[in-house]
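Structure record follows, encoded as structure tokens.
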Amino acid sequence: MADDSGSAEGGEPAAPTRPGLAFNRQSLERFLMIFLFLLALYAIIDQQVGTSFATLAGSVLYPVFGFGGTLPVLTILLLGLATTTIGSVLRDHYTNWVKMARTQRVIRAWSRERMEAMRKGQQTRVQMLMEAQKGFAKDQMEMMTSPYKATAWTMFFFIVMIVWLRLFVDTVLLDHGNQWITVPWSTHVFLPLGVVIMPAWLLLYSLLAVPFGQIVTRILRYISYVLVSAGTKFRAMAKERRMSLEAFGRAAEKDSMLDRALDAAILAEIRKYDAAGANVVVDGRIQAHLLSKERVPCIKVLIDAPLDLRAERISRREKKSVEEARREIVAREKSERIRYHAIYGIDVRDTGIFDLVIDSRNRTPDEIVAMIGARVGG
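Under this note's numbering, the residue at position 222 of the sequence shown is numbered 314, and the numbers go up by one with no gaps.
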């Protein structure tokens, strides 16, 4: 006899199973942010809790920064550098500077359009703009919340290190008789002594740590960019074929696949880094035209100079005569005009696609960087 007790006809229907909850990384990050923020506040309110954290941290901090209590200024200096470095790294990790600048520009442009529409009483236009806001609302929320993620971590580390430093001054330095130090503006400074609203050791810590934190932040913002160099790749292709740049340019005029392969490789590399969330800098005047043609969102900057000045700069850099450098520039630009007009219909002399054009003849590199930084941030 067949047993049909497990069939759908003879038994009760199986109870539906609830799907498992999907892991939500954003919720976990939000929980950790709130938890650390509250923990930091609790450590401030309850000194016993803060002291417990500092005692635990001392097992690591004292061997590294304590120096047996014999070098208090160096301890304060290094601890300040460590705290600001950790804070700057965390802030840089949670902040996409390029995306933030891009979102800020979108929001400012949207606000101007909305105010103009409201001023003119264009209700239909206002409704359209309100609908358009939904497209960048997520980026706007991310821009607003990302600083708080770093703040929760940095506040916790800051409080723990400050409490440990207070214990270090009040106990270790007291035992060694090293609570008096010499600084550039005074030969006798008593570290526990209050200066204005804070003790001298905390004032010294702030004077050393805050400026260094700004330097670290700037360095991280610059080194977080990835350079994709079309010029370097072009020169590498010429070197592989044992050809000069001028000869390789003439070869590319006859074989468009050389330029197409280079451009495809550059574009693929840009998209790879962009998908990974990296900030990308691309060199090459032609690449600006190609990125514009491919509708890749970016800020395009042209740093220009007269031909004679460019030839002089190349002459100094590559140890060749000015005449030779000038001839190479003219030949290269002529070749590029022919090739890219034939392949893509691009006029490489058109500067209208650039967001910023800088004449570099009377400007230092630092001034040019500042102008680009203002444009990216503005």
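C-beta: ideal position from N, C-alpha, C; glycine also.
Contact between the stretch 212-222 and the stretch 411-427 is defined here as three or more beta-carbon pairs at a separation below 8 angstroms; is this criterion met?
A contact is defined here as three or more CB-CB pairs under 8 angstroms, and the stretch 212-222 fails this definition with respect to the stretch 411-427.
Inter-residue Cα distance where the pair is Asn270 and Thr162:
By 1-based counting over the sequence shown, the position of residue 270 is 178. By 1-based counting over the sequence shown, the position of residue 162 is 70. Their backbone Cα atoms lie some 7 angstroms apart in a straight line.
Please state whether DSSP places Met253 in a helix, a strand or coil.
Within the sequence shown, the letter at position 161 stands for residue 253. The three-state secondary structure of Met253, taken from DSSP, is helix.
May I have the straight-line CA-CA distance separating Arg363 from Phe304, to the nearest angstrom?
What you label residue 363 is simply residue 271 of the sequence shown in a count that begins at 1. What you label residue 304 is simply residue 212 of the sequence shown in a count that begins at 1. Take the alpha-carbon of Arg363 and the one of Phe304: they are about 34 angstroms apart.
In angstroms, rounded to a whole number, what distance separates the CA positions of Arg424 and Phe326?
Looking up residue 424 in the sequence shown gives position 332. Looking up residue 326 in the sequence shown gives position 234. Looking at the two C-alpha atoms, the distance is approximately 12 angstroms.
Note down, in chain order, each residue of its chain lying with its Cβ closer than 7 angstroms to the Cβ of Ser407, except the 5 sequence neighbours on either side.
Taking the sequence shown and counting its residues from 1, one reaches residue 407 at position 315. If we look at Ser407 and ignore the five residues flanking it on each side, its Cβ neighbours are Ser413, Val414, Ala417.
Given 8 angstroms, three or more beta-carbon pairs between the stretch 219-226 and the stretch 180-192
Counting C-beta pairs closer than 8 angstroms gives fewer than three between the stretch 219-226 and the stretch 180-192, which falls short of the contact rule.
Cα-Cα separation between Ser452 and Tyr297, rounded to whole angstroms
On the sequence shown, position 360 is the one that residue 452 refers to. On the sequence shown, position 205 is the one that residue 297 refers to. Ser452 and Tyr297 have their C-alpha atoms some 41 angstroms from each other.
For Asn371, the residue or residues it bridges with in DSSP
For the purposes of this step, residue 371 is taken as the residue at position 279 of the sequence shown. Looking at the DSSP assignment, Asn371 forms a beta bridge with Tyr317.
Taking contact to mean 3 or more Cβ pairs, one atom from each stretch, closer than 8 angstroms, check whether the stretch 224-238 and the stretch 127-142 are in contact.
Because the criterion of three Cβ pairs below 8 angstroms is not met, the stretch 224-238 and the stretch 127-142 do not touch.
Val393: first and last residue of the uninterrupted alpha helix (DSSP H) it sits in
Residue 393 sits at position 301 when you count from the first residue of the sequence shown. Taken as a continuous stretch (DSSP letters only), Val393 belongs to no alpha helix (DSSP H), being part of the beta strand (DSSP E) at 393-396.
Classification of Leu383 by the beta-carbon crowding that lies within 10 angstroms, buried from 16 upward:
Position 291 of the sequence shown holds residue 383. Here Leu383 is buried, its C-beta having at least 16 other C-beta atoms within 10 Å.
Inter-residue spacing [alpha-carbon to alpha-carbon] between Arg258 and Ala301
Counting from one through the sequence shown, the residue named residue 258 turns up at place 166. Counting from one through the sequence shown, the residue named residue 301 turns up at place 209. Their backbone Cα atoms lie some 16 angstroms apart in a straight line.
Using the C-alpha atoms, what's the distance from Thr309 back to Ala403?
Residue numbering aside, residue 403 sits at position 311 when the sequence shown is read from its first letter. Residue numbering aside, residue 309 sits at position 217 when the sequence shown is read from its first letter. Looking at the two C-alpha atoms, the distance is approximately 36 angstroms.
Out of curiosity, what's the CA-to-CA distance linking Arg467 and Val449?
As a working mapping, residue 467 is identified with position 375 in the sequence shown. As a working mapping, residue 449 is identified with position 357 in the sequence shown. Near 11 angstroms, if we compare the C-alpha coordinates of Val449 and Arg467.
Collapsed DSSP secondary structure at Ile273 in the structure displayed:
Position 181 of the sequence shown holds residue 273. It is a strand residue.
Compute the Euclidean distance between the alpha carbons of His185 and Lys392, then round it to the nearest angstrom.
Within the sequence shown, residue 185 is the residue found at index 93, counting from 1. Within the sequence shown, residue 392 is the residue found at index 300, counting from 1. Approximately 25 angstroms between the Cα atoms of the pair.
Using 8 angstroms as the threshold, is the stretch 278-293 in touch with the stretch 175-184, meaning 3 or more CB pairs across them?
Note that the stretch 278-293 does not touch the stretch 175-184; fewer than 3 beta-carbon pairs, one per stretch, sit closer than 8 angstroms.
Quick one: measure Cβ to Cβ for Arg377 and Val440, integer angstroms, because I've assumed they're closer than 8 angstroms.
Translated into the one-based positions of the sequence shown, residue 377 becomes position 285. Translated into the one-based positions of the sequence shown, residue 440 becomes position 348. Here Arg377 really is in contact with Val440; their C-beta atoms are around 6 angstroms apart, less than 8 angstroms.
Using a Cβ-Cβ cutoff of less than 7 angstroms, which residues in the same chain neighbour Trp256 once the five nearest sequence positions on both sides are dropped?
On the sequence shown, residue 256 is found 164 positions in, with the first residue counted as 1. The answer, listed in chain order, is Ala146, Ala149, Gly150, Leu153.
Taking all protein chains shown into account, do 16 or more other C-beta atoms lie within 10 angstroms of the C-beta of Tyr314, making it buried, or fewer, making it exposed?
To locate residue 314, count along the sequence shown from 1; it is residue 222. Tyr314 comes out exposed.
Pick out whichever of Ile251, Arg204, Arg197, Leu171 has its Cα sitting closest to the Cα of Gln140.
Indexing the sequence shown from 1 puts residue 140 at position 48. For Gln140, the closest of Ile251, Arg204, Arg197, Leu171 by C-alpha to C-alpha distance is Ile251.
Just the C-alpha distance for Asn454 and Pro398, rounded to the nearest angstrom, thanks.
Walking along the sequence shown from the start, residue 454 turns up at place 362. Walking along the sequence shown from the start, residue 398 turns up at place 306. Separation of Asn454 and Pro398 (C-alpha to C-alpha, rounded to the nearest whole angstrom) is 11 angstroms.
Report the residue from Met463, Ala367, Gln225, Lys385 whose alpha carbon sits nearest the alpha carbon of Tyr436.
Here residue 436 refers to the residue found at position 344 of the sequence shown. Of Met463, Ala367, Gln225, Lys385, the residue nearest in Cα terms is Lys385.
Where the alpha helix (DSSP H) containing Val440 begins and where it ends
Within the sequence shown, residue 440 is the residue found at index 348, counting from 1. Counting along the chain, Val440 falls outside any alpha helix (DSSP H), and DSSP gives it neither H nor E.
Rounded to whole angstroms, how far is the Cβ of Ala322 from the Cβ of Leu354, which I believe are closer than 8 angstroms?
Against the sequence shown, residue 322 aligns to sequence position 230. Against the sequence shown, residue 354 aligns to sequence position 262. That belief holds up - the Cβ atoms of Ala322 and Leu354 are roughly 7 angstroms apart, short of 8 angstroms.
On the three-state DSSP scale, how would you describe Ile311?
Working through the sequence shown from its first residue, we reach residue 311 at position 219. It is helical.
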